[in-house]
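Student: These protein sequence lines are chains E and R, in that order. Counting with my numbering, you get residues 1 to 248 for the letters of the first sequence. Counting with my numbering, you get residues 1001 to 1298 for the letters of the second sequence.
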Amino acid sequence: MVGTPVYVGFQNFIDLFKYERFFYKTFENTFVFMGATTVLGLSLGLIFALMINSVPKMRRFIQTVYYLPAILPFIAGTMLWESMYAKYGILNSVLATLNMDPVMFMSTKNAMTSLIVMAVWGGIGGKITMFLPALASVPEELLESMDLDGANAFQKFFNVSLPMISPTIFYLLIMDIIGGLQAYGPMMMLGGGTATMTATLQIYNYAMTDRMMGYASAYAWIVFVIVLAVTFVFFKFGGKKVYYVDGD
Amino acid sequence: MMNSNVMQKNKKVSFVHKKKAIRRKNILFYSILAIVGLLMVLPTLVMVTSSLKTYDEYYSLHFKMFPTIWAFDNYSRVFQANANFVRWISNTLMHIVASTSICTLSTIFVAYGFAKFRCKVADVLFIVLLATMMIPWAVTMIPSFILWSRFGLTDSYWPLILPSIGGSAYYTFMFKQNMRGIPNEIIEAAEIDGANSMLRLWGIVVPNCIPAIVTMILFTTMGIWGDYLGPLIYLRTPQKFNISLGLNMLRALTEQGKQDTPMLMAASVLMAIPSIVMYFVGTEIFQKGISLQGGVKG
């Protein structure tokens, strides 16, 4: 299946940079996808977790409801969204019933947004499940003492809760970045062409379909270096801002 | 006296006022959570209702949430859609049994080692273990494929099952924490009574870790059941497919330019049910069981 490798030096890398038609586009897509899903996932996850944390009853039930999308197997979920986004799919059917024009969800303009929506839908439950125990671990006494000092909700959050849950935020941030930079599942299943082609998807295509192992490996090395670099940057910048309760 | 009355009245008013504010906030939050929760559930609900619609009703331009004709035959048609459907399920079950058992056994041994045999080298090795979790998937995909290709083991389940011998870094961490919660006194007592190392592990430590172990088994099973990207790389012939790959194959069948989506949705529901059941069972056990305290009297 795989032949004997032929040593070509850096030719693969040169070819990638010179000839690969969508080389820069794939990285642009990768970063857009990673950025959008990370920012939306973490912020929405945190907001909903805060809301769930502050209401008195039914927390477990609400948390389960939000986590339900993540339980669906990958292929079932993506097939579901594919059928929803399709030209004659469910969402367009709803729009037609409301006498509105159908929307091409997987068009070049919309495809990335559609994928991001699907990814955030699936990811929020996991974020909430991680944030809730972290919020619960913020000591009651601290918050109560702030109440006595007359602090409003925002001050309580930004000065106490946020630092106390910053390790969780940091962990989720790093995991999301590493995962987002290598995303290729949704793009492979739902299509979208150049608009959604990510670097890892190209690696997969070149390795599995075209059997260009050396070329694909060079591509993978570049992705690896980027993941390392971005992770390093976030550790450098963010690492200092994270507050650990048990001392550094 | 007048002052204190006024002050008390003000305090009472502000207390009532605060309760009203809290209730207003709760109503607002519950409303938002309910609306967004509905949005979260809606796609799954659509999947189930679509699976029970007839082909014509599904594609009709007049959208109705619930079908008027309940097309239960979609579910039986799933099994007729491809002759391999049952084989796909049995393949996946075989994969699950093999991988989960090997992985759990291996993880128990490794975690026990990390938990009870402490030394500096062990600490370094543990960090290396955790570091393996950080290696990007894109990097290992190709070298792994080339490796298995040289062994001639592609288009089989071996590349998916054999790596389980290494255990799971994530669960090794969890088991290690769990096992460290078992007091050494119990284990030493067993040692005094003449138990060798294996007996100590399987007679004392493991029974105390059962909730964690069951959790691992359930969630690993869930992961393998839904695994698509892994088998996609290694399996070529349709008879050997996973249930995920099989579902993907059903999707490729088109008639009149439109897919038989209700049948696909039925297949998706069938595939999703075991995952959901395992998740709920798993979280129940997880919540009831994970305690990091052993049982030492006095």
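No residue lacks a Cβ here, since even glycine has one placed at the ideal position from N, Cα and C. Since we're looking at a predicted model, the values are computed, not measured.
Output the boundary residues of the alpha helix (DSSP H) element that contains E/PRO163.
Tutor: Residue 163 of chain E sits at position 163 when you count from the first residue of the first sequence. First-last of the alpha helix (DSSP H) with E/PRO163: 162 to 181.
Student: Mind pulling the chain R residues with CB within less than 9 Å of E/VAL8?
Tutor: Position 8 of the first sequence holds residue 8 of chain E. Under the 9 Å cutoff, chain R gives no residues; its nearest Cβ is about 16 Å from E/VAL8.
Student: Measure how close the beta-carbons of E/GLY192 and E/ALA111 come, nearest whole angstrom, since I'm counting them as under 8 Å.
Tutor: What you label residue 192 of chain E is simply residue 192 of the first sequence in a count that begins at 1. What you label residue 111 of chain E is simply residue 111 of the first sequence in a count that begins at 1. Their Cβ separation, rounded to whole angstroms, is 3 Å, which keeps E/GLY192 and E/ALA111 in contact under 8 Å.
Student: Taking contact to mean 3 or more Cβ pairs, one atom from each stretch, closer than 8 Å, check whether the segment 1098 to 1114 of chain R and the segment 1151 to 1164 of chain R are in contact.
Tutor: yes
Student: Can you tell which of R/SER1031, R/THR1172, R/TYR1170 and R/ALA1115 has its C-alpha closest to the C-alpha of R/PRO1183?
Tutor: As a working note, residue 1183 of chain R is residue 183 in the second sequence. It is R/ALA1115.
Student: Return the residue from the list R/MET1065, R/LEU1038, R/ILE1089 and R/HIS1062 that minimises the CA-CA distance to R/LEU1270.
Tutor: Sequence index remark: in the second sequence, residue 1270 of chain R carries index 270 (1-based). Selected option, being the one with the closest Cα: R/ILE1089.
Student: Three-state secondary structure (DSSP) at R/LYS1258?
Tutor: On the second sequence, position 258 is the one that residue 1258 of chain R refers to. Of the three classes helix, strand and coil, the one that applies to R/LYS1258 here is strand, per DSSP.
Student: From R/ASP1262 to R/ILE1276, what does the alpha carbon distance come to, in whole angstroms?
Tutor: Mapped onto the second sequence, residue 1262 of chain R falls at position 262. Mapped onto the second sequence, residue 1276 of chain R falls at position 276. The question names Asp, but residue 1262 of chain R in the sequence shown is Pro. Going by the C-alpha atoms only, they are around 20 Å apart.
Student: Using a Cβ-Cβ cut-off of 8 Å (strictly less than) and excluding sequence neighbours within five positions of E/LEU143, which residues of its own chain qualify?
Tutor: On the first sequence, position 143 is the one that residue 143 of chain E refers to. Counting only Cβ-Cβ distances below 8 Å, and skipping sequence neighbours, we find LYS156, VAL160 and SER161.
Student: Who are the neighbours of R/PHE1063 on chain E, taking C-beta pairs under 8 Å?
Tutor: Here residue 1063 of chain R corresponds to residue number 63 of the second sequence, with the count starting at 1. Among the residues of chain E, those whose CB is under 8 Å from the CB of R/PHE1063 are ILE90, SER93, VAL94, ALA96 and THR97, following chain order.
Student: Going along chain R, which residues have a C-beta under 8 Å from E/GLY185?
Tutor: The residue given as residue 185 of chain E occupies position 185 in the first sequence. Under the 8 Å cutoff, chain R gives TYR1228 and LEU1229.
Student: Among E/LEU172, E/PHE235 and E/PRO56, which one has its Cα closest to the Cα of R/ASN1026?
Tutor: Here residue 1026 of chain R is taken as the residue at index 26 of the second sequence, counted from 1. The option with the nearest alpha carbon to R/ASN1026 is E/PRO56.
Student: Is any beta-carbon of chain E found at less than 8 Å from that of R/THR1044?
Tutor: Along the second sequence, one-based indexing puts residue 1044 of chain R at 44. So yes, R/THR1044 belongs to the interface.
Student: Using a Cβ-Cβ cut-off of less than 9 Å, list which residues of the segment 187 to 203 of chain E approach chain R; keep chain order.
Tutor: Close to chain R, meaning a Cβ-Cβ distance shorter than 9 Å, are the following residues of the segment 187 to 203 of chain E: MET188, MET189, ALA199, THR200 and ILE203.
Student: When DSSP labels each residue in this structure, what does E/ASP147 get in the three-state scheme?
Tutor: The residue you call residue 147 of chain E lines up with position 147 of the first sequence. DSSP, read as helix, strand or coil, puts E/ASP147 in helix.
Student: What separation, rounded to the nearest whole angstrom, lies between the Cα atoms of R/ILE1102 and E/ASP176?
Tutor: Here residue 1102 of chain R corresponds to residue number 102 of the second sequence, with the count starting at 1. Here residue 176 of chain E corresponds to residue number 176 of the first sequence, with the count starting at 1. Rounded to whole angstroms, R/ILE1102 to E/ASP176 spans 29 Å at the Cα level.
Student: Within 10 angstroms of its Cβ, does R/ARG1251 collect 16 or more other Cβ (buried), or is it exposed?
Tutor: As a first step, residue 1251 of chain R must be located in the second sequence, where it is residue number 251. Buried: at least 16 other Cβ atoms inside 10 Å.
Student: Pick helix, strand or coil for E/VAL39, following the three-state DSSP scheme.
Tutor: Here residue 39 of chain E refers to the residue found at position 39 of the first sequence. Helix, per DSSP.
Student: Among E/ILE174, E/ASP149 and E/ALA199, whose alpha-carbon lies nearest the alpha-carbon of E/LYS236?
Tutor: Counting from one through the first sequence, the residue named residue 236 of chain E turns up at place 236. Taking only the C-alpha atoms, the option nearest E/LYS236 is E/ILE174.
Student: Taking E/VAL117 as the reference, give the member of R/TYR1112, R/LEU1199, R/TRP1137 and R/LEU1039 with the closest Cα.
Tutor: Here residue 117 of chain E is taken as the residue at index 117 of the first sequence, counted from 1. Nearest of R/TYR1112, R/LEU1199, R/TRP1137 and R/LEU1039 to E/VAL117, Cα basis: R/LEU1039.
Student: Check R/ILE1069 in the structure and name its three-state DSSP category.
Tutor: Here residue 1069 of chain R refers to the residue found at position 69 when the second sequence is read from its first residue. In the structure shown, R/ILE1069 sits in coil (DSSP, three-state: anything other than H, G, I, E or B).
Student: When you check each C-beta in the segment 1167 to 1191 of chain R against every C-beta of chain E, which residues fall closer than 8 Å?
Tutor: none
Student: For E/PHE158, go through chain R and note every residue whose CB falls closer than 7 Å to its CB, in chain order.
Tutor: On the first sequence, residue 158 of chain E is found 158 positions in, with the first residue counted as 1. Ordered by position in chain R, no residue passes the 7 Å Cβ test against E/PHE158, which lies about 18 Å from the chain.
Student: So with CB distances below 7 Å, who are the chain E contacts of R/ARG1302?
Tutor: Here chain R comprises residues numbered 1001 to 1298, so residue 1302 of chain R is not present and cannot be evaluated.
Student: Take R/ILE1035 as the anchor and find which of E/ARG21, E/PHE33, E/ASN29 and E/MET51 has the nearest alpha-carbon.
Tutor: Numbered from 1 along the second sequence, position 35 holds the residue referred to as residue 1035 of chain R. It is E/MET51.
Student: From the DSSP output, in three-state form, read off E/ARG21 for me.
Tutor: Residue 21 of chain E sits at position 21 when you count from the first residue of the first sequence. Coil at E/ARG21, not helix or strand.
Student: Cβ closer than 8 Å: which chain E residues qualify as neighbours of R/SER1050?
Tutor: Taking the second sequence and counting its residues from 1, the one referred to as residue 1050 of chain R is at position 50. Ordered by position in chain E, the residues that pass the 8 Å Cβ test against R/SER1050 are SER83 and ILE90.
Student: Within its chain, find whatever has a CB closer than 8 Å to the CB of R/PHE1072; leave out the 5 residues flanking it on each side and keep chain order.
Tutor: Mapped onto the second sequence, residue 1072 of chain R falls at position 72. Excluding sequence neighbours, R/PHE1072 sits near LEU1052.
Student: Drop a sphere of 10 angstroms on the beta-carbon of R/THR1068, count the other beta-carbons inside from all chains shown, and report buried for 16 or more, exposed for fewer.
Tutor: Counting from 1 along the second sequence, the entry for residue 1068 of chain R is found at position 68. Label assigned to R/THR1068: exposed.
Student: Would E/LEU68 and R/VAL1041 be called neighbours here (beta carbons separated by less than 8 Å)?
Tutor: If you number the first sequence from 1, residue 68 of chain E lands on position 68. If you number the second sequence from 1, residue 1041 of chain R lands on position 41. Yes. Within cutoff.
Student: Verify the CB distance criterion: does E/ALA250 have a CB-CB separation below 8 Å to chain R?
Tutor: One cannot answer for residue 250 of chain E here, as it falls past the ends of chain E, which runs 1 to 248.
Student: What did DSSP end up calling R/PHE1286 once you bin it into helix, strand or coil?
Tutor: If you number the second sequence from 1, residue 1286 of chain R lands on position 286. Helix at R/PHE1286.
Student: Can you give me the start and stop residues for the alpha helix (DSSP H) that R/PRO1156 sits inside?
Tutor: In the second sequence, the residue the question calls residue 1156 of chain R occupies position 156. The sequence shown places Ser at residue 1156 of chain R, not Pro. Here R/SER1156 belongs to no alpha helix (DSSP H), and DSSP marks it neither H nor E.
Student: Counting only beta-carbon atoms, is E/ILE178 nearer than 8 Å to chain R?
Tutor: The sequence position of residue 178 of chain E within the first sequence is 178, counting from 1. Flagged as an interface residue toward chain R: E/ILE178, by a C-beta distance shorter than 8 Å.
Student: In its own chain, which residues sit with a C-beta less than 7 Å from the C-beta of R/MET1065, not counting the 5 before and 5 after it?
Tutor: Looking up residue 1065 of chain R in the second sequence gives position 65. Excluding positions up to five away in sequence, the list reads THR1049.
Student: Where E/LEU228 and E/THR113 are concerned, what is the direct C-alpha to C-alpha distance, given to the nearest angstrom?
Tutor: On the first sequence, residue 228 of chain E is found 228 positions in, with the first residue counted as 1. On the first sequence, residue 113 of chain E is found 113 positions in, with the first residue counted as 1. The alpha-carbon atoms of E/LEU228 and E/THR113 are separated by roughly 26 Å.
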